[in-house]
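A.B. asks:
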Amino acid sequence: MRARLAFAGLLAAVLMTAAPPARAVQPDEIMADPAKEARARDLSRELRCMVCQNQSIDDSEAPLARDLRLLVRERIAAGDNDRQVIDFLVARYGEFVLLKPRFSPHTLLLWLIPPLALLGGGAALWAYSRRRTNAAGEGGESDVELTTDEKARLERLLAAEPMPKKPG
Amino acid sequence: MIAESGHYALVLALALALIQSTVPLIGARWRDVALMNVARSTALMQLLFVAASFVALVMLHVTSDFSVANVYENSHSLKPLIYKITGVWGNHEGSMLLWVSILALFGGLVAAFGNNLPLSLRAHVLAVQAWIASAFYLFILITSNPFLRIVNPPIEGRDLNPVLQDIGLAVHPPMLYLGYVGFSISFSFAVAALIEGRIDAAWARWVRPWTLVAWIFLTLGIAMGSYWAYYELGWGGWWFWDPVENASLMPWLAGTALLHSALVMEKRNALKVWTILLSILTFSLSLLGTFLVRSGVLTSVHAFATDPTRGVFILLILCVFIGGSLSLYAWRAPALKRGGLFAPISREGALVLNNLFLTTACATVFIGTLYPLALEVLTGDKISVGAPFFNLTFAPLFVPLMIAVPFGPLLAWKRGDLLGAAQRLTAAGLASLVAIALLWAWTRGGATLAPLAIGLAVFVIVGVLCDLAERTALLRIPLSISLRRARGLPRAVWGTAFAHAGLGVALIGIVCETTWNSEYIGAIKPGDLANVAGYQLKLDGLTQRQGPNFREMVAKFTVSRDGEKLSVMTPSKRNFTTRGSSTTEAALLTRGASQLYISLGDGSADGAIAVRIYHKPLVLLIWWGPVLMAFGGVLSLSDRRLRVGAPKPARATRTLQAAE
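Residue numbers (our numbering), protein chains in the order written: chain A, 43 to 210; chain B, -3 to 656.
1) Just tell me which of B:210, B:78, B:516 has its CA closest to the CA of residue 156 (chain B).
2) Measuring only between beta-carbons, confirm whether residue 176 (chain A) sits less than 8 Å from chain D.
3) Relative to the C-alpha of residue 415 (chain B), which residue among B:8, B:341, B:575, B:33 is closest?
4) Between residue 130 (chain A) and chain B, is any beta-carbon pair separated by less than 8 Å?
5) At a Cβ cut of 8 Å, what residues of the region 377 to 393 of chain B count as close to chain A, listed as they run along the chain?
6) Please state the DSSP three-state secondary structure of residue 72 (chain B).
7) Give a yes or no on whether 8 Å exceeds the smallest Cβ distance from residue 190 (chain A) to chain B.
8) Taking 8 Å as the cut-off, decide whether the C-beta atoms of residue 658 (chain B) and residue 65 (chain B) are in contact.
9) Which residues in chain B have a C-beta closer than 8 Å to the C-beta of residue 193 (chain A)? List them in chain order.
10) To the nearest angstrom, how far is the alpha carbon of residue 2 (chain B) from that of residue 314 (chain B)?
11) According to DSSP, simplified to helix, strand and coil, what is residue 581 (chain B)?
12) Applying a beta-carbon distance threshold of less than 9 Å, which residues of chain B neighbour residue 169 (chain A)?
13) What's the gap between the Cα of residue 602 (chain B) and the Cα of residue 383 (chain B)?
14) Which whole-angstrom value is the C-beta distance of residue 20 (chain B) and residue 105 (chain B), which I expect to be below 8 Å?
15) Cutting at 8 Å between CB atoms, please list the residues of its own chain near residue 270 (chain B), excluding the five before and the five after it.
16) Could you name the residues of chain A that residue 603 (chain B) contacts, counting a contact when the two beta carbons are closer than 7 Å?
17) Specify, as a first and last residue, the run of the beta strand (DSSP E) that residue 565 (chain B) falls within.
18) Chain A partners of residue 726 (chain B), CB-CB under 8 Å?
19) Would you mind sorting residue 26 (chain B) into buried or exposed? The rule is 16 or more other CB atoms within 10 Å of its CB.
20) One question on the structure: do residue 617 (chain B) and residue 582 (chain B) come within less than 8 Å of each other, judged by their Cβ atoms?
21) Would you say residue 143 (chain B) and residue 309 (chain B) are within 8 Å of each other, going by their C-beta atoms?
22) Please report the residue range of the beta strand (DSSP E) in which residue 196 (chain B) lies.
23) Which of the residues in the region 330 to 341 of chain B, read from start to end, lie with their CB under 7 Å from any CB of chain A?
24) With 8 Å as the threshold, decide whether the Cβ of residue 356 (chain B) is near any Cβ in chain A.
25) Closer than 8 Å, CB to CB, is residue 352 (chain B) near chain A or not?
26) As a quick exercise: from B:24, B:206, B:83, pick the residue whose alpha carbon is nearest that of residue 118 (chain B).
27) Along chain B, in chain order, which residues have C-beta atoms closer than 7 Å to that of residue 138 (chain A)?
28) Spatial neighbours of residue 447 (chain B) within its chain, please: CB distance less than 6 Å, with the 5 preceding and 5 following residues excluded, ordered by chain position.
29) Thinking C-beta only, is residue 49 (chain B) closer than 8 Å to residue 107 (chain B)?
30) With DSSP run on the structure shown, which of helix, strand or coil describes residue 549 (chain B)?
31) Within the 8 Å Cβ cut-off, does residue 163 (chain A) reach chain B?
32) Do you know offhand how far residue 43 (chain A)'s Cα is from residue 513 (chain B)'s?
33) Does residue 142 (chain A) get closer than 8 Å to chain B when you measure Cβ to Cβ?
34) Quick one: measure Cβ to Cβ for residue 585 (chain B) and residue 563 (chain B), integer angstroms, because I've assumed they're closer than 8 Å.
35) By the 8 Å beta-carbon criterion, what residues does the region 511 to 536 of chain B contribute toward chain A?
36) With a threshold of 6 Å on Cβ separation, who are the neighbours of residue 78 (chain A) within its own chain once the five nearest residues in sequence on each side are excluded?
Take a look at the structure:
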């Protein structure tokens, strides 16, 4: 049965262009138990319809997505937990089916770049501001406040510039 | 004849662009005013010729001249006039022509209104603008010519993809392009500044209005595209983290960062080098977006490999412009004088924080969009990166950003008082806590994160009000004086307030829609009743109807609540015979900011029809938010200080702005 379903999915993938339109989640697919159905919907949102462009099987109209939705529900009905359902689908269709890739050597950069960018950017800013403050502060630790004398001089300099700057 | 004229006009525009990209540079070198002024006239003439070429294509579409391949492939004689016109940019060739038209439009605007720019800067800016234009004219003429004829003209066209025959999608691409391409101006200014080796606060003042214009259009364009997807694609989703959407989100994130950093540069003459880099990056991301969408690389790496002419050409443009500008940056930026110092806790510091988070968010979208492509090319492994990944990585970046938003405007330049700002935000904090508590009590046992997110949004919105109250000394002085002060506030302050509030409004919409959305999926027969979120929807009947170029099945639903009839909703399913494809026209009923949404599925033999009915609470806030942001942008743009072509601020204006 399962093998036939997979075959049907493959066939559907091949015949995709000629397939009649069907809507995402058909009434006849819905499971009787609302809790299980909710689980199925949540799982569906994490799974990719492999013949579509970046659609989850929950959203997709493609026949293959329908087959996958039925497959997910079949596994849930058989008593699988969420992890087992996902494992089952990955074993059959590969990592490609997951919309949120697993953390593994070949997705290392994908997962690490965002936090590293934030940390790296933050560290660079910190180092930069320290360098600037030290360079400017000379004696006074981080004090960049100008003295009244300096302020007056700055005012004169600003006034002398051709393009007037607004006060801060 | 029209096609040939259009083609020829485009060739002439290319010739003008080539002149514009070289002569003014020589003029700037020799300090020859006449040669530098060539930029102005060529930019205007270029605009004229591209416009002529664009009009020619529009005319071909309107008159259904099927001897032109582009019209034959994308039009149909029975198509309504409005879609004949909008179909011009509903396809690759036409949309590229729109792209260069808008590029020429911006160049023309700089030429026409850039009288207050130093002559050499204007010459440089327009020359860089012309480099981009030349590259894209060549691209169109060599690989994507919309004016090609067919030897044996067919009688009827193949029609436009029915999904695109919609008013939302008719307006969406021009808006988006006005945004995308608008950032070319800040790019050209940045490259011009690098070539000249001179940059100051005045530079930021010239660049900011252009960036703001582009940002306003991009904001509206993205929002409109999202609303279109929401009602047209038929399952009520409004953001899919699709690479095509990401391609427009990346320049928006970078552009938003640019707006804020240019502010620091204008006011405090600091962050100059960073602002230049952001200008380059923002437009580079626009180019990248164009490449992703136009090369077909997204559909599949293999499709790209089998017909690579277009893709490789854009990739080449991409490499030359991004690589070139970044090399120029690496070479010249260290020579630029660094300016203004500031303490970490200050308005500048807050804006730097904003930039850090926005650019990281941008990097996240970038990596998520391109990683699968890179991995497949390098190792052959196929992985998918979709909504769950982006939701997981994007949200943590936006939470701290949004917490920081109300603090920014309350901090002083140079050195701010965080505690003081926090005290002034007490009301916002309290309002947020009350909102969280109320929501928790109301949705007991429901989602825990959603009330927190709404609390955050309330904090942002009330924080904006706190800032305004602070500036007008509301409640501390008589109301009439406060009102007078409010009127006297610079428009830019109001602009900031609206834009920031829009962020909070959009967040409320997003959280409500995703958390408290109710749906009904079922097969119902005429006479049956469906219950969704307290509304009763009765299917009265199904009828067939003939449209201009489609047949449709219309379902009539009577909507009532507590026995009181509210309205009638008529969702339909359209079949377009020429392309043999169908679209779902969802029916929407707006109640305040919430909507009822019905979309039809397939009918079955026993007369039942599959329907999906959603109740989406406060969903409209998702788009009102960006509209508020754009409105804030417009307000800010109308600020005297920024008005395009405004005379140089006289000394008198200095006293006026002391309020800031």
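Glycine included, C-beta positions come from ideal geometry on N, C-alpha and C.
These numbers come from a predicted model, not from an experiment.
C.D. replies: Judging by the given coordinates:
1) Your numbering for residue 156 (chain B) matches position 160 in the second sequence. The shortest C-alpha separation from residue 156 (chain B) is found at B:78.
2) The chain labelled as chain D is not found among the protein chains of the depicted structure, namely A and B.
3) Here residue 415 (chain B) refers to the residue found at position 419 when the second sequence is read from its first residue. The shortest Cα separation from residue 415 (chain B) among B:8, B:341, B:575, B:33 belongs to B:341.
4) Locating residue 130 (chain A) in the first sequence gives position 88, where the first residue counts as 1. For residue 130 (chain A), the answer is no, since every Cβ of chain B falls outside 8 Å of its Cβ.
5) 377, 378, 379, 380, 381, 382, 383, 384, 385, 388, 389, 393
6) By one-based count along the second sequence, residue 72 (chain B) stands at place 76. Coil, per DSSP.
7) As a position in the first sequence, residue 190 (chain A) is number 148, starting the count at 1. No, residue 190 (chain A) does not count as interfacial toward chain B.
8) Within the shown structure, residues of chain B are numbered from -3 to 656, placing residue 658 (chain B) beyond reach of any answer.
9) Start at 1 with the first residue of the first sequence, and residue 193 (chain A) comes out as number 151. In chain order: nothing, as chain B lies at least about 11 Å away.
10) Here the question's residue 2 (chain B) lines up with position 6 in the second sequence. Here the question's residue 314 (chain B) lines up with position 318 in the second sequence. Going from the Cα of residue 2 (chain B) to the Cα of residue 314 (chain B) covers about 26 Å.
11) The count along the second sequence starts at 1 and reaches residue 581 (chain B) at position 585. Residue 581 (chain B) falls in the strand class under three-state DSSP.
12) Taking the first sequence and counting its residues from 1, one reaches residue 169 (chain A) at position 127. By Cβ distance, chain B contributes nothing, its closest Cβ being about 12 Å from residue 169 (chain A), past 9 Å.
13) Taking the first residue of the second sequence as 1, we reach residue 602 (chain B) at position 606. Taking the first residue of the second sequence as 1, we reach residue 383 (chain B) at position 387. Going from the Cα of residue 602 (chain B) to the Cα of residue 383 (chain B) covers about 38 Å.
14) In the second sequence, counting from the first residue as 1, residue 20 (chain B) sits at position 24. In the second sequence, counting from the first residue as 1, residue 105 (chain B) sits at position 109. The Cβ separation is near 17 Å, so there is no contact.
15) Looking up residue 270 (chain B) in the second sequence gives position 274. Answer for residue 270 (chain B): 257, 351, listed in chain order.
16) The count along the second sequence starts at 1 and reaches residue 603 (chain B) at position 607. Chain A residues near residue 603 (chain B): none, gap ~14 Å exceeds 7 Å.
17) Within the second sequence, residue 565 (chain B) is the residue found at index 569, counting from 1. Per DSSP, residue 565 (chain B) belongs to the beta strand (DSSP E) from 560 to 565.
18) With chain B covering -3 to 656 only, the question about residue 726 (chain B) has no answer from this structure.
19) For the purposes of this step, residue 26 (chain B) is taken as residue 30 along the second sequence, with counting starting at 1. With fewer than 16 Cβ atoms within 10 Å of its Cβ, residue 26 (chain B) is classed as exposed.
20) Locating residue 617 (chain B) in the second sequence gives position 621, counting from the first residue. Locating residue 582 (chain B) in the second sequence gives position 586, counting from the first residue. The answer is no: Cβ separation not under 8 Å.
21) Sequence index remark: in the second sequence, residue 143 (chain B) carries index 147 (1-based). Sequence index remark: in the second sequence, residue 309 (chain B) carries index 313 (1-based). Contact: no.
22) Position 200 of the second sequence holds residue 196 (chain B). Boundaries cannot be given for residue 196 (chain B), as no beta strand (DSSP E) includes it and DSSP labels it neither H nor E.
23) 337, 339, 340
24) Numbered from 1 along the second sequence, position 360 holds the residue referred to as residue 356 (chain B). Closer than 8 Å to some Cβ of chain A, the Cβ of residue 356 (chain B) qualifies, so yes.
25) Counting from 1 along the second sequence, the entry for residue 352 (chain B) is found at position 356. Answer yes: the Cβ-Cβ gap between residue 352 (chain B) and chain A drops below 8 Å somewhere.
26) As a working mapping, residue 118 (chain B) is identified with position 122 in the second sequence. It is B:24.
27) As a first step, residue 138 (chain A) must be located in the first sequence, where it is residue number 96. Those are 378, 379, 380, listed as they occur along chain B.
28) Taking the first residue of the second sequence as position 1, residue 447 (chain B) is located at position 451. Here the set comprises 432, 435, 436.
29) Counted from its first residue, the second sequence places residue 107 (chain B) at position 111. Counted from its first residue, the second sequence places residue 49 (chain B) at position 53. Not a contact, by the Cβ cut-off of 8 Å.
30) Position 553 of the second sequence holds residue 549 (chain B). In this structure, DSSP gives residue 549 (chain B) an extended state, which the three-state scheme calls strand.
31) The residue labelled residue 163 (chain A) in the question sits at position 121 within the first sequence. Yes, its Cβ sits closer than 8 Å to a Cβ of chain B.
32) Translated into the one-based positions of the first sequence, residue 43 (chain A) becomes position 1. Translated into the one-based positions of the second sequence, residue 513 (chain B) becomes position 517. Low confidence applies to residue 43 (chain A): its pLDDT is 39, below 50, so where it sits in the model is not reliable enough to give any reading.
33) Along the first sequence, read from residue 1 onward, the residue named residue 142 (chain A) stands at position 100. Yes, contact with chain B.
34) Here residue 585 (chain B) refers to the residue found at position 589 when the second sequence is read from its first residue. Here residue 563 (chain B) refers to the residue found at position 567 when the second sequence is read from its first residue. Sure, about 6 Å apart at Cβ, within 8 Å.
35) 517, 518, 519
36) As a first step, residue 78 (chain A) is located in the first sequence; it is residue number 36 there, counting from the start. So the qualifying residues of the chain are 118.
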